[in-house]
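K.L.:
Take this structure, written in structure tokens, and hold onto it; I'll ask about it next.
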Amino acid sequence: MNEITGADVAVTLDEEIWYLRLYVAGESPRSVRAFANLKSLCEAHLAGHYEIEVVDLVEHPELARGDDILAIPTLVRRLPQPLRKIIGDLSDTERVRVGLRL
Amino acid sequence: MTATNGTGAGQLLQTLRSASHVGSLPKTPTGISGLDEVTGGGLPRGRPTLLCGPAGCGKTLLAMEFLIRGITQFNEPGVFVAFEESVEDLTANVASLGFDLPQLEADGRLAIDHINVVRGEMEEAGDWDLDGLFLRLGAAIDSVGAKRIVIDTIETLFGAFSNTDVLRSELHRLFGWLKERGITAVITGERGDGTLTRHGIEEYVSDCVIVLDHRVTEQASTRRLRILKYRGSFHGTNEYPFLIGEAGISVLPITSPGLLHSVSDERVSTGVARLDSMLGNGGFYRGSTVLVSGAAGTGKSTLAAQFCDATCGRGERAMYFAFAESQAEIVRNMSSVGIKLQRWVDAGLLQFHCFRPSLLGLEAHLFAMQKFVGEFAPSVVVKDPVSDLLRVGTGADVSAMLTRQVDFLKGRGITALFTTLNAPNDPVQADQQIVSLVDTWLLVKSMEGNGEHNRLLYVLKSRGMAHSNQIREFLLTNQGIELADVYVGPQGVLTGSARQAQEAKEASDGTARLGDLERRRVNLERRRESVEAQTATLWRAFEDEADVVESLLSDGSTGTEDRAKQRVEQGRLRRSDADEPESASDARDIHVRTP
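Sequences listed follow chains A and B, in order.
If you read the first sequence in the numbering used here, its first letter stands for residue 11, the second for the next number, and so on.
If you read the second sequence in the numbering used here, its first letter stands for residue 1167, the second for the next number, and so on.
Laid out in structure tokens, this is it:
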């Protein structure tokens, strides 16, 4: 596996569904950018095996408690365990992959 | 008769404040005993205040009390953001101080948000900000309509984020945001190496900085509070000791910072009649502070006990703090000199608090005393001996603590009697720290001489009363203390058996003089008798003579006739032997001579 492709990943992680939650604050440019970055990364590596839930803390600030969210944007890998957190607009793809163990 | 006048510290602060600053800075009272006085009214309203200090100095508690008092006393709901302790821990920690956090939360007046920050948990990938935190805080503030917020301890965030530049700018933005919202915030921070806080957040919170400290001096720990900075406001600059007591935090010097005690003209008996008269007219002033100092074994405690005895005898309450003896020892020892204290204990008029001073730190000691006095409401408080407190703190600390005690007691009109134990060769020096505090200073000295040791008492000072300048001998008898005049003679002051010997000598001298006088009186009497006898004899002689003369005078004419008759008779008798005419011529001659 010298080269990771979407198909390879799909095969490798066949049985695993990645459940990702992205915390954003409204339609701020940083939030929009983060979602776009996440989407393209997932499409590249987890096509068909992932679910992204976007939580807007401006609308539901009480949800920040659950995952102890301070920074915006924050990406939380709910599944597979263990839980992982990545903050930032996810523009640094390498760090996101390290953070997600992707 | 009471009177109150002068300028209080509150007014003084007010004056200084208005002089140093134009326009008054709005303040939020903390409701914490003493802190509002030190800060001149509270924390800056609508601005953040930094509360920093080392671990365990009471930051969290002070911040929590600020919130709770805001809710309960000033109707200002609050938010507590806890980065370190869980809600359960916080609740349990302050429950012992009588703060019911769950109830306040249920009432919708307090929101506690515990933010769990795990070190190194987060990967940073790209730009971020702390909007999440802002939104959380905003939600919590809105949920209760908070006017106050505590963030404890925000520097924990430095462990969670590796990009500290962003964090710093975000914290800066946070404080600005809180200001904008008009929330009075308390931010706590742990002391760093050579800086106020570990990560230097004092740069961002610069309106008011309060430093707490926790120092151990000679094994006794004291918490202190200092207002390092208060932009735009006058504030007390000292380090003020504070205590965490049963009812929360009290910053202590503030019980009575100004000399505003009401004063009384009433006298209270010392229990020693002679001492009452030495103090002019009937004893100490009520509410005054008395110092009895002397070396070991000079009878200071006995004097204190007798004062308590007299107090209880009037039906008033007395409280005896003993640092050297237990209650049982004092009761027993005093009964040996006829001072029966147990009956007052039984009657509930006398309360003992006996403990080693090292049991409590100075501040805790002061706090305990205030609590006991507050509960028992005595009219007399004895502390025996205050010099033992020097084992707990340094001289300056003890003197500061005693100053506050004196203020506290005076503020309540309680007469206080302190004893100090002096080194025999340095009788006065040790007291200098507290002498200016006391109104009446009695000195008990022991004097050695003639193979014995005797006690002397004199009034060294007594403000506002014409007191005796005489030294009295201080005697412990079966009926308590008695004061006797000392004998001052050419040999100096005589006491004890020397005084008794002198008295006996004077008594015997007196007797001797008395005998002499009596003898002279008897002599005089005898002489009078003899003079009278002589006079009587003379009178008798004189009267005899007078009688003779009298009788002679009354018999004068007949005598002449008798003599004439005699002559006639003689002549007649001789005539019988010779001639008759001779007798007739004799008779004729007599007739001639008679006319």
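Where is the CB? At the ideal position from N, CA and C, for every residue including glycine.
Do you know how far the Cα of Ile1376/B is from the Cα of Glu1399/B?
P.N.:
In the sequence as presented, Glu is not what sits at residue 1399/B; that position holds Ser. Distance between the alpha carbons of Ser1399/B and Ile1376/B is about 13 angstroms.
K.L.:
Between the C-alpha atoms of Phe1518/B and Ile1496/B, what's the straight-line distance to the nearest angstrom?
P.N.:
Their backbone Cα atoms lie some 10 angstroms apart in a straight line.
K.L.:
Can you pull the chain A neighbours of Ile1281/B, defined as C-beta to C-beta under 8 angstroms?
P.N.:
Ordered by position in chain A, the residues that pass the 8 angstroms Cβ test against Ile1281/B are Asp78 and Leu80.
K.L.:
Let me check one thing: in DSSP terms, what residues is Lys1395/B bridge-paired to?
P.N.:
Note: Lys1395/B sits in a beta bridge opposite Val1375/B.
K.L.:
Do the segment 1433 to 1443 of chain B and the segment 1468 to 1485 of chain B touch if we need at least three Cβ pairs shorter than 8 angstroms?
P.N.:
Yes, since at least three Cβ pairs between the segment 1433 to 1443 of chain B and the segment 1468 to 1485 of chain B fall closer than 8 angstroms, the two stretches touch.
K.L.:
Please confirm whether Leu1608/B and Leu1626/B have their CB atoms less than 8 angstroms apart.
P.N.:
Yes. Within cutoff.
K.L.:
Thinking C-alpha only, which one of Glu1203/B, Thr1196/B, Gly1200/B and Gly1207/B is nearest Ser1190/B?
P.N.:
Selected option, being the one with the closest Cα: Gly1207/B.
K.L.:
By DSSP, does Trp1294/B sit in helix, in strand, or in coil?
P.N.:
Here Trp1294/B sits in coil by DSSP.
K.L.:
In whole angstroms, give me the CA-to-CA distance for Arg1740/B and Ala1699/B.
P.N.:
Between Arg1740/B and Ala1699/B, the C-alpha separation is close to 53 angstroms.
K.L.:
Taking buried to mean at least 16 other C-beta atoms within 10 Å of its own C-beta, is Glu13/A buried or exposed?
P.N.:
The predicted model places Glu13/A with a pLDDT of 44, which falls under 50 and marks its position as unreliable, so this point remains unresolved.
K.L.:
Comparing the C-beta of Leu1299/B with each C-beta of chain A, is any distance below 8 angstroms?
P.N.:
Output row for Leu1299/B: interface = yes.
K.L.:
List the DSSP bridge partners of Gly1615/B.
P.N.:
Looking at the DSSP assignment, Gly1615/B forms a beta bridge with Glu1618/B.
K.L.:
Is it buried or exposed for Gln1536/B, if we count other Cβ within 10 angstroms and need 16 for buried?
P.N.:
Answer is buried; the Cβ neighbour count reaches 16.
K.L.:
Report the neighbours of Arg40/A on chain B: residues whose CB is nearer than 9 angstroms to its CB, in chain order.
P.N.:
Ordered by position in chain B, the residues that pass the 9 angstroms Cβ test against Arg40/A are Gly1292, Asp1293, Trp1294, Asp1295 and Asp1297.
K.L.:
Which class does Val1284/B belong to by DSSP, given the choice of helix, strand or coil?
P.N.:
Reduced to three states, the DSSP call for Val1284/B is coil.
K.L.:
Taking only beta-carbon positions, decide if Gly1197/B is within less than 8 angstroms of chain A.
P.N.:
No, Gly1197/B does not count as interfacial toward chain A.
K.L.:
So which residues of chain B does Ala35/A contact, with C-beta pairs closer than 9 angstroms?
P.N.:
Chain B residues near Ala35/A: Asp1295, Asp1297, Gly1298, Phe1300 and Leu1301.
K.L.:
Just to confirm the assignment: which complete beta strand (DSSP E) runs, minimum length 3, are found wholly within the segment 1447 to 1503 of chain B?
P.N.:
The segment 1447 to 1503 of chain B contains these whole beta strand (DSSP E) runs: 1455 to 1460 and 1484 to 1488.
K.L.:
Anything in chain A within Cβ reach of Gly1304/B, meaning under 7 angstroms, just list it in chain order.
P.N.:
Within 7 angstroms Cβ-Cβ: Pro71.
K.L.:
For a contact defined as C-beta to C-beta under 7 angstroms, what are the partners of Glu1251/B on chain A?
P.N.:
Here the premise fails: no neighbours, minimum Cβ distance about 15 angstroms.
K.L.:
Which chain B residues are close to Val68/A, counting only those with a beta carbon under 7 angstroms from its beta carbon?
P.N.:
Per Cβ cutoff of 7 angstroms: Leu1301.
K.L.:
Leaving out the 5 sequence neighbours to the left and right, which residues in its chain are closer than 7 angstroms to Gly1449/B when beta-carbon positions are compared?
P.N.:
Correct list, in chain order: Arg1433, Val1434, Ser1435, Thr1436 and Asp1442.
K.L.:
Could you name the residues of chain B that Ser101/A contacts, counting a contact when the two beta carbons are closer than 9 angstroms?
P.N.:
Going along chain B in sequence order, the residues near Ser101/A (Cβ under 9 angstroms) are Ala1291, Gly1292 and Asp1293.
K.L.:
What does the Cβ neighbour count give for Gly1172/B, buried or exposed, with the cut at 16 atoms within 10 Å?
P.N.:
Summary for Gly1172/B: the model assigns pLDDT 43, below 50, so the residue's position carries little reliability; its value from the coordinates is reported in the next sentence. Result: exposed.
K.L.:
Using DSSP's beta-bridge definition, name the partner residues of Ile1647/B.
P.N.:
The partner list for Ile1647/B (beta bridge, DSSP) reads Leu1642/B.
K.L.:
In this structure, what does DSSP give as the bridge partners for His1519/B?
P.N.:
Per DSSP, Phe1487/B.
K.L.:
In chain A, what lies closer than 7 angstroms to Glu1287/B by C-beta?
P.N.:
Those are Lys95, listed as they occur along chain A.
K.L.:
Arg105/A touches chain B at which residues, Cβ-Cβ below 9 angstroms?
P.N.:
The contacting residues are Glu1289, Glu1290, Ala1291 and Gly1292.
K.L.:
How would you call Ile1647/B, buried or exposed, if buried means at least 16 neighbouring beta carbons within 10 angstroms?
P.N.:
Ile1647/B comes out buried.
K.L.:
Taking DSSP as the reference, what is the three-state secondary structure of Val1188/B?
P.N.:
Only weak support exists for where Val1188/B lies, its pLDDT of 42 falling under 50; the value from the coordinates is given anyway. Three-state DSSP puts Val1188/B in coil, outside helix and strand.
K.L.:
Let me see if you follow: with CB-CB separation under 8 angstroms, is Ala74/A close to chain B or not?
P.N.:
Answer yes: the Cβ-Cβ gap between Ala74/A and chain B drops below 8 angstroms somewhere.
K.L.:
Would a check of beta-carbon distances place Arg83/A closer than 8 angstroms to chain B?
P.N.:
It is Pro, not Arg, that sits at residue 83/A in the sequence shown. Taking Cβ atoms only, chain B reaches closer than 8 angstroms to Pro83/A, which makes this a yes.
K.L.:
Near Cys1544/B, what residues of its chain come up, given a Cβ to Cβ distance below 6 angstroms and the 5 sequence neighbours on each side ignored?
P.N.:
Rather than Cys, the amino acid found at residue 1544/B in this sequence is Pro. Excluding sequence neighbours, Pro1544/B sits near Arg1483, Ala1484 and Met1485.
K.L.:
Shortest alpha-carbon distance to Val1253/B belongs to which of Glu1691/B, Glu1346/B, Pro1243/B and Leu1267/B?
P.N.:
Per the Cα distances, Leu1267/B.
K.L.:
How long is the line joining the alpha carbons of Arg1692/B and Arg1686/B, rounded to whole angstroms?
P.N.:
Whole-angstrom Cα-Cα distance: 10 angstroms.
K.L.:
Helix, strand or coil for Ser1361/B, going by three-state DSSP, please let me know.
P.N.:
The amino acid occupying residue 1361/B in the given sequence is Thr; Ser does not appear at that position. DSSP places Thr1361/B in coil when its eight states are reduced to three.
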